[in-house]
Amino acid sequence: MEGYIMTKRLTVIPEQCSGCRICELVCAIKHFRVNNPKKAAIRVMITYPHPVMRMPIVCSQCRSPLCARVCPADALRLVNGVVQLIEENCVSCYKCLEACPFGAIYAHQDCDLPIKCDMCGGDPECVKACPKAALRLIPEAVLGESKRLNNVLSYAQMKEIEFYEKGEKKIIRYAEIGEES
Amino acid sequence: MSIKSGYFKKHLHVDLTRGNAERLDLSETFIKKYIGGRGFGAKLIWDNLRKHDFKIDPLGPDNLLVIAPGPLTGVYLPSSGKNSFVAISPATGLYGDSSMGGGFGVELRQAGIDAVSITGRAPELSVLLIENGETTILAMPGLKGKNCLEAEGLIKERLGTHAVHVATIGVGGENMVKFACVNTDWSRNAGRTGIGAIMGSKNLKAIVVRGDKDIPVYNVAGLVAENAIAFKYMREHKYFRMWQQEGLMNVIAYANEKGILPSYNFKDGVFAKHDQINGATMLSGYKIGDSACFSCPMCCGNICLVKNGKYAGTVVEGPEYESCAMLGSNLGIDNFAAVLSANRLCDELGIDTISTGGVIGAVIEGYERGILSLADLDGREITWGDEEAILGLIQKIARRQGIGNVLADGARGIIKRWPEMDKVILHVKGLEQSAYDSRSSLSMALAYATSDIGAHHTRAWTIAKEMEQGQNWSDDEKVDIVIYHQKVRPLFDMLGVCRLPWIELGLSERHYANFYKYVTGEEASLEELLERSNDIYNLTRLINVRLGTSRKDDSLPRKVWANPPLTGPTAGRIIKQDDFNRILSLYYQKRGWNEDGIPPASLERKFEDWAVPAWNEHR
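Protein chains in written order, with this note's numbering: chain A, 7 to 187; chain B, 300 to 918.
1) Quick one, which residues of the stretch 815-834 of chain B are near chain A if we go by CB-CB under 8 Å, in chain order?
2) Which bits of chain A does S594 (chain B) rub up against, with CB to CB less than 7 Å?
3) Below 8 Å on the Cβ atoms is my guess for P377 (chain B) versus F530 (chain B); work out the distance and round it to an integer in Å.
4) Would you mind stating whether G469 (chain B) and N482 (chain B) have Cβ atoms separated by less than 8 Å?
5) Against chain A, does V523 (chain B) count as a neighbour if the rule is that its beta carbon must be under 8 Å from one of theirs?
6) Within 8 Å (strictly less), CB to CB, does W485 (chain B) reach chain A?
7) List the residues of chain A that L794 (chain B) touches, going by C-beta distances under 9 Å, in chain order.
8) Alpha carbons only, please: which of A:C123, A:L155, A:M125 and A:K101 is nearest the one belonging to P78 (chain A)?
9) Residues of chain B with CB closer than 7 Å to the CB of K5 (chain A), please, in chain order.
10) Can you find a C-beta in chain B that's less than 8 Å from the C-beta of N41 (chain A)?
11) How many whole angstroms separate the CB atoms of E731 (chain B) and G678 (chain B), which I take to be in contact at a CB cut-off of 8 Å?
12) For chain A, check one thing: does any of its Cβ atoms lie closer than 8 Å to the Cβ of G459 (chain B)?
13) What residue from B:H464, B:A591 and B:G459 has the CA that sits closest to Q409 (chain B)'s CA?
14) Between A:V148, A:A140, A:K153 and A:V76, which lies nearest to M59 (chain A) when the distance is taken from Cα to Cα?
15) Please list the terminal residues of the continuous alpha helix (DSSP H) segment that includes D774 (chain B).
16) I need the DSSP call for H37 (chain A), collapsed to helix, strand or coil.
17) For G800 (chain B), count the other beta carbons within 10 Å of its own beta carbon; 16 or more makes it buried, fewer makes it exposed. Which is it?
18) So with CB distances below 7 Å, who are the chain A contacts of I514 (chain B)?
19) To be precise: take each residue of the stretch 90-123 of chain A, compare its Cβ to all Cβ atoms of chain B, and keep it if any distance is under 9 Å. Which residues remain?
20) Does the contact criterion of 3 or more C-beta pairs under 8 Å hold for the stretch 533-541 of chain B versus the stretch 830-839 of chain B?
21) In the structure shown, what three-state DSSP assignment does G395 (chain B) receive?
22) According to DSSP, is N502 (chain B) part of a helix, a strand, or is it coil?
23) Determine the contact status of V723 (chain B) and K858 (chain B), defining contact as a CB-CB distance below 8 Å.
24) For A637 (chain B), collect the residues of the same chain with a Cβ closer than 7 Å to its Cβ; drop the 5 residues on either side in sequence, then sort them by chain order.
25) Are the CB atoms of G305 (chain B) and P515 (chain B) nearer to each other than 8 Å?
26) Under 8 Å between C-beta atoms, does H56 (chain A) make it to chain B?
27) Within 8 Å of any Cβ in chain E, is that where the Cβ of K138 (chain A) sits?
28) Applying a beta-carbon distance threshold of less than 9 Å, which residues of chain B neighbour R75 (chain A)?
29) On the three-pair Cβ rule with 8 Å, is the stretch 854-873 of chain B touching the stretch 341-358 of chain B?
30) Quick one: give me the first and last residue of the alpha helix (DSSP H) that K331 (chain B) is part of.
31) Nearest-angstrom Cα distance between I576 (chain B) and C645 (chain B)?
32) Mapping DSSP to helix, strand and coil, what is P145 (chain A)?
33) What's the call for A320 (chain B), buried or exposed, on a 16-neighbour Cβ count within 10 Å?
34) With distance defined between alpha-carbon atoms, name the residue in A:D124, A:G184, A:P145 and A:S152 nearest to R15 (chain A).
35) To test your reading of the DSSP string, which unbroken alpha helix (DSSP H) runs of 4 or more residues are found completely within the stretch 391-463 of chain B?
36) Does any residue of chain B have a CB that is nearer than 8 Å to the CB of I19 (chain A)?
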């Protein structure tokens, strides 16, 4: 981690997630060397049948982290783009668990400290292991791009364009192209 | 070599009549010999049968229900979410088991248990709660009549957490429908052999599990390295993406092409409108998400939503091939939305889609042939593709209303009531046949006939291989492949992993011996493991033999002898009695059983070690 500045974000595409929980397994193996999905810093939440959702919950590495703000012992600090748990400062009060708006910090009875994503030093195991590419490491500059593009496309759907057919000026909306008249 | 890790060496025995539960130790000999899953199940069932002198009413309090994951369940390796439910089946009266995927078995392991056995009958409708070291039996009579999904929701609400796994029965199980299933994780079912009815007979509505323990692994680094190879192989396989997208639904097109798709109650092997219920149809307008069992990159599960029409709003986890074929083409339904609706209804009511489709198909044909009268059908005519009547009949079966009360007793019950129905219902030993027509594959016919649980395809699925490569196979080769499958496939159930990466993507079975080594610390070759798996096959045969099975029961549905498929590539093909008898004798010979299918008496001694049954002494 030394000297490395995290400029990428770990993002989740819930529509891609199948709920296989391989991310949980590799996370726990990487950090604790045990086969226990309950010791992972990422968890897949599953709801069914309404709504149908499989969503991995993992730390967003907030720039203004609420967990750090409530920490009474200065054990959570934003260092090089990653919110890091300073183990020797932590008093295990778990205020951070309650403060996190996403519930992305975890506790386990065997562990003295809260379990929090450390981005595996910049190369997260969960991203590499996800068989559905539901977890991605993307540059901050790209964040939100798909939403922006969707917005553009839905706006364009309503856009009118002018064109000439046999010398006659006509107007059509993108949404009407291909529709049978 | 000894077992160094991989197990908690704990067995939870619950007596619902007395309302107590105890954690008992499992000996190393027991663990090594029976491995886990259906291996543990078979041994515990055997001991229980011996205790009751082989006189057990499947739906009585003495029938033991065993729930067992395997040593590899929940471990970081491909598709490790499997868990077996084992008991004497109410459908066949013989050994029965059903394995399910999802995450229930993983949670059970995390609660520190290698097997649960349940006996007795609770005085009130109850829920068994297993939480790390504690076990509680909660009376929850309010759950009576609730469907599986409702029950799971209500239990989670009552406990105030979503972080539990629930295995529940629906109305079908409560009414002891002989093909009732157990539903976990909302829609993962242990469907076959009527395990749900056994929970119903025990007044046990649900089992709730929560655990936090580490799943013991002897050599994590070795496991991770082995996995890297296995996962890489799978991800690079040319059909990997297809499995993620379509899952088992791709089989519809294949089965139709080969002429083995059940259509109109197996009258035909092709379905004219198969393209309206196949994987492509699902992808084009219904699929909204993927669903995977624990640690499975293949995610063969589909989640579908009906967006419009009269079934609009129906969400179902599925369908997969068996459900879609048995509730679709087998009933003449070409409307995919109706298939989804029927599948969802079966999930809610907690009845098996394969048996339900088989039974309803037989009813429609029975009526068509005049075996059943309009009065038998409670005055409501039913024909092929009549969605409304079929959905109504599913409800009636689960609720045991009218004709449903007879149908709920499965093939055996139906034949008892209307002996002529034997001509149209496809079953072996009382279990309705899976969605692979065996009339064009002698090895598949042999597989169905000799399967310990009845006409189910999981024990040996040789049909595709025989159709593609085996036109000129000798009897020897056919028997060998059946026996080989019957050795390998149970091993997967015993280890607690899914067989799909092996059978569908060709992941070498050698990996599993390595996985076993890294998890347990015991160096056992694949051959040694297969030997243990073969022992279990012999053990379940012994159970069945002691319960009355012999050569006469290793037979085939009457249709397979008498009525060939009408059209398609397999038209006109049937299994000839002579061919079958010859291959069956050869099978017995290769198994070392006598001409009547009875294993030698000496074999019994192999299983007489009373290694486990500490709980016998506690009674």
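Each residue gets a CB set at the ideal place from its N, CA and C atoms; glycine is no exception.
Let me spell this out:
1) none
2) C26, R27, I28 and L31
3) Rounded, the Cβ-Cβ distance is 7 Å, consistent with contact.
4) Yes, they are a contact pair.
5) yes
6) Chain A, which has a Cβ nearer than 8 Å to the Cβ of W485 (chain B), makes this yes.
7) Correct list: empty, because the minimum Cβ distance to chain A is about 15 Å.
8) A:K101
9) As displayed, chain A neither begins before 7 nor continues past 187, which places residue 5 (chain A) out of reach and without an answer.
10) yes
11) E731 (chain B) to G678 (chain B), Cβ: 25 Å. No contact.
12) Against chain A, the CB of G459 (chain B) has no partner CB under 8 Å away; the residue lies outside that interface.
13) B:H464
14) Of the listed residues, the one whose Cα sits closest to M59 (chain A) is A:A140.
15) D774 to L794
16) helix
17) Residue 800 (chain B) is actually Pro in this sequence, not Gly. Buried.
18) N41 and N42
19) H114, Q115 and D116
20) no
21) strand
22) N502 (chain B): coil per DSSP, three-state reduction.
23) Yes, they are a contact pair.
24) Y610 and E686
25) yes
26) With 8 Å as the cut-off, H56 (chain A) counts as an interface residue toward chain B.
27) The question asks about chain E, but that chain is absent: this structure's protein chains are A and B.
28) Within chain B, no residue comes near R75 (chain A); the closest Cβ sits about 27 Å away, beyond 9 Å.
29) no
30) Following the DSSP letters along the chain, one finds K331 (chain B) inside the alpha helix (DSSP H) bounded by residues E327 to Y333.
31) 18 Å
32) strand
33) Burial of A320 (chain B) is indicated by the presence of at least 16 other C-beta atoms within 10 angstroms of its C-beta.
34) A:P145
35) 403-409 and 447-458
36) no
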